[in-house]
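Residue 30 in numbering that gives the first Met the number 0 sits at position 31 of the sequence shown; the count goes up by one each step and never skips. Notes follow once the structure below has been shown.
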Amino acid sequence: MTIRPRPNVALVGFGYAGRTFHAPLIAACADLRLHSIVTGKPEEARALWPEARPVADFDAVLADPEIDLVVLATPNDLHAPQARAALEAGKAVVIDKPFALSLGEARDVADLAHQRGLFLSVFHNRRRDADFLGLQSQIASGALGDIRTFESRFDRYRPEVRDRWRERDGPGGGIWNDLGPHLIDQALVLFGMPLGVGCELAVLRDGGQAVDWAHAVLRYADKRVILHADMTTPAPDVRFAVHGAKASWLKGGLDVQEDQLKAGMAVGAPGWGVDPRPAVLVDGATGARLELACPPGAYEGYYAAVAAALTGRGENPVPPEHALAVMAVLEAGIESDRRRAEVRL
């Protein structure tokens, strides 16, 4: 497949993920063109992105020789079948997380991309959160020493159950499938694959159908990694609590880019990605506390890297093997909860 110097992109799905994340980030990339949007609400898509063509039919995108890259922002149970269809049509593919409903499905898609020699990537955007970039820098500098305990949380207060597919008891629903991939991917970027996974999943809200509370412990030879997500916490104060041999690194609040996109801020505008809440470095020997600003978040870097990879100027920002590792841990967590025991990897 010959890729245009400025690849044409078809965005499939114009729900929350497509509208909030993918459309503005693709449109902001000078090296990509948002060509088509597959949606049942063409007027809304046209009003927001008049340069893109609304399309009602996914198959029409697959048959369109003008399309170079298909971006899947559809419900989780559609990721694997739609990715296979796009690859079979000779298109490059980006899939919103999670990669698929199971590790086996994800492997099948990755194998097909490899066989066809086609680009495949998964949208793990939170590698580019401001707080995570700041944490990576501190760990790399040696300021914390060897990490002993790493705690990463996505706590939210959403006591009312909403009628949407993410909160229904269906394939791919629940908070472990929704936020688990973010938590897992960040941990694997820092520490690689764990030796084992222990996980508990629960439905705690009145009227809840899908998992809304998840707690996992990833076992490494020299550290423990705690990953937690829930929708039941009135005080979601802790985002990271990282404790090393020399110092601790503490951070509250969530990265601002999602809220900025929801508010309609232009990607890259003044203040884009700037987290107003500093991290705190606590010295183990003295107890001294030092506030540290994080670098700006940079979700736009993902699609810039995708464009570079498609045109032979760079590497895939999230290659299939990275996303398969996330799926292995995600699936191990589900199995651990079922067994009520650690699953070894």
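Every residue gets a Cβ at the ideal spot worked out from N, C-alpha and C, and that includes glycine.
At what residue ranges does the segment 145 to 180 contain a whole run of the alpha helix (DSSP H), taking only runs of 4 or more? 174 to 177
Taking all protein chains shown into account, do 16 or more other C-beta atoms lie within 10 angstroms of the C-beta of Lys261, making it buried, or fewer, making it exposed? exposed
Near Pro53, what residues of its chain come up, given a Cβ to Cβ distance below 7 Å and the 5 sequence neighbours on each side ignored? Excluding sequence neighbours, Pro53 sits near Ile36, Thr38, Pro41, Ala44, Arg45.
In the structure shown, what three-state DSSP assignment does Asp130 receive? Here Asp130 sits in helix by DSSP.
Residues bridged to Asn7 by DSSP? Arg32
Going by beta carbon distance, what residues of the same chain come within less than 8 Å of Tyr15, once the five residues before and after it are set aside? none
Taking DSSP's pairing of strands, which residues face Leu68 in a bridge? Val8, Ala91
Can you list, in chain order, the residues of its chain whose CB lies under 8 Å from that of Ile25, leaving out five sequence neighbours each side? Closer than 8 Å at the Cβ level, and outside the excluded window around Ile25, lie Val8, Leu10, Leu31, Leu33, Val70, Tyr302.
7 Å Cβ shell around Val121 - same chain, five flanking residues per side excluded: Ile94, Lys96, Phe98, Val317, Ala322.
By Cβ distance, which residues of its chain are closer than 6 Å to Leu383, with the 5 residues on each side in sequence left out? This structure gives no information on residue 383, because the portion of the chain shown stretches from 0 to 344.
Residues in the same chain with beta-carbon distance under 7 Å from Arg238, minus the five sequence neighbours each way, listed in chain order, please. Asp130, Arg152, Lys250, Gly251, Gly252, Leu253
Who pairs with Gly197 in a beta bridge, going by DSSP? Val216
Could you check which residue in Val60, Leu187, Gly169 has the C-alpha nearest to that of Leu329? Leu187
Meets three-Cβ-pair contact criterion under 8 Å: the segment 49 to 65 and the segment 332 to 341: no
Just the C-alpha distance for Leu77 and Gly173, rounded to the nearest angstrom, thanks. 16 Å
Round the Cβ separation of Leu102 and Ala112 to the nearest angstrom and send it over; I've been treating them as touching at under 8 Å. That pair is no contact at about 16 Å.
Pairs of beta-carbons, one from the segment 201 to 212 and one from the segment 224 to 232, closer than 8 Å: are there three or more? yes
Arg83 versus Val108: straight-line alpha-carbon distance, rounded: 6 Å
Counted within 10 angstroms of its Cβ, other Cβ atoms place Asp168 as buried (16 or more) or exposed: exposed
Please classify Ala244: is it buried, with 16 or more other beta-carbons within 10 angstroms of its beta-carbon, or exposed? exposed
Whose C-beta lies closer than 6 Å to the C-beta of Arg218 among residues of the same chain, with five residues either side of it excluded? Pro193, Leu194, Gly195
How many Å lie between Glu257 and Ala304 at the Cα? 20 Å
Ala72 and His123 - do their beta-carbons sit closer together than 8 Å? No, these two residues do not count as a Cβ contact at 8 Å.
Glu166 versus Ala287: straight-line alpha-carbon distance, rounded: 43 Å
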